[in-house]
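Undergrad:
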């Protein structure tokens, strides 16, 4: 009984410290988002996840493209808080492929935002809706996929 009480007391001492540890500044955006290239509509669950346009993780942002089945992956270099959201800076993309025309950076590697493929600004509308201001390939809002 004493051992059980001691373990419970130790857990109570360590749990708040773990819970108070701050996460990355972009933690609130983690997950799958639909829309952006078109209005997101009212879909949820597996249907939403299967059509996710953008996926945010701790280290990588994935984006769907119109002409390829694979997601483009951008490695996050830095994330900064801005007054209404986040600013992502990505590791510059290197050339891929080869062939007759040589290796080159895919034209849709970025988000078509203000001419810089290594920059993405995310404006938070509410907890489940974001927009990418100044990104011509993402004229519509994105909605979080929830189950």
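In the numbering used here, the protein residues as written are 8 to 154.
All residues carry an ideal CB built from backbone N, CA and C; glycine is no exception.
1. Per the contact definition of three or more C-beta pairs closer than 8 Å, is the segment 42-53 in contact with the segment 76-84?
2. Using beta carbons (cut-off 8 Å, strictly below), is residue 54 in contact with chain B?
3. Label residue 46 either buried or exposed according to how many other C-beta atoms from any shown protein chain fall within 10 Å of its C-beta, with 16 as the threshold for buried.
4. Since residue 44 and residue 147 should fall inside the 8 Å C-beta cutoff, what is the C-beta to C-beta distance between them, to a whole number of angstroms?
5. In chain order, which beta strand (DSSP E) runs of at least 3 residues are fully inside the segment 58-86?
6. In terms of alpha-carbon separation, which member of 86, 37, 42, 122 lies closest to residue 73?
7. Is the beta carbon of residue 98 less than 8 Å from the beta carbon of residue 84?
8. So for residue 143, helix, strand or coil by DSSP?
9. Under DSSP, the beta strand (DSSP E) around residue 95 begins and ends at which residues?
10. In angstroms, rounded to a whole number, what distance separates the CA positions of residue 87 and residue 39?
11. For residue 67, which of 135, 130, 33 has the nearest alpha-carbon?
TA: Working from what's here:
1. The segment 76-84 makes no contact with the segment 42-53, as fewer than three CB pairs between them are under 8 Å.
2. Judged by its chain identifiers, the structure shown contains no chain B, having just a single protein chain.
3. On the chain shown, residue 46 is found 39 positions in, with the first residue counted as 1. Around the CB of residue 46, fewer than 16 other CB atoms lie within 10 Å, so the residue is classed as exposed.
4. Locating residue 44 in the chain shown gives position 37, counting from the first residue. Locating residue 147 in the chain shown gives position 140, counting from the first residue. Contact holds; Cβ gap of about 7 Å.
5. Runs of beta strand (DSSP E) with 3 or more residues, each lying fully within the segment 58-86, are found at 61-63, 67-70, listed in chain order.
6. Here the question's residue 73 lines up with position 66 in the chain shown. Distances from the CA of residue 73 to each of 86, 37, 42, 122 were compared; the closest alpha carbon is that of 42.
7. Taking the first residue of the chain shown as position 1, residue 98 is located at position 91. Taking the first residue of the chain shown as position 1, residue 84 is located at position 77. Taking 8 Å as the Cβ cut-off, residue 98 and residue 84 qualify as a contacting pair.
8. Numbered from its first residue, the chain shown carries residue 143 at position 136. Secondary structure of residue 143 (DSSP, three-state): coil.
9. Position 88 of the chain shown, counted from the start, is the residue given in the question as residue 95. 92-97 is the span of the beta strand (DSSP E), which, as asked, contains residue 95.
10. Walking along the chain shown from the start, residue 87 turns up at place 80. Walking along the chain shown from the start, residue 39 turns up at place 32. It is roughly 20 Å from the alpha-carbon of residue 87 to the alpha-carbon of residue 39.
11. Here residue 67 is taken as the residue at index 60 of the chain shown, counted from 1. Of the listed residues, the one whose Cα sits closest to residue 67 is 33.
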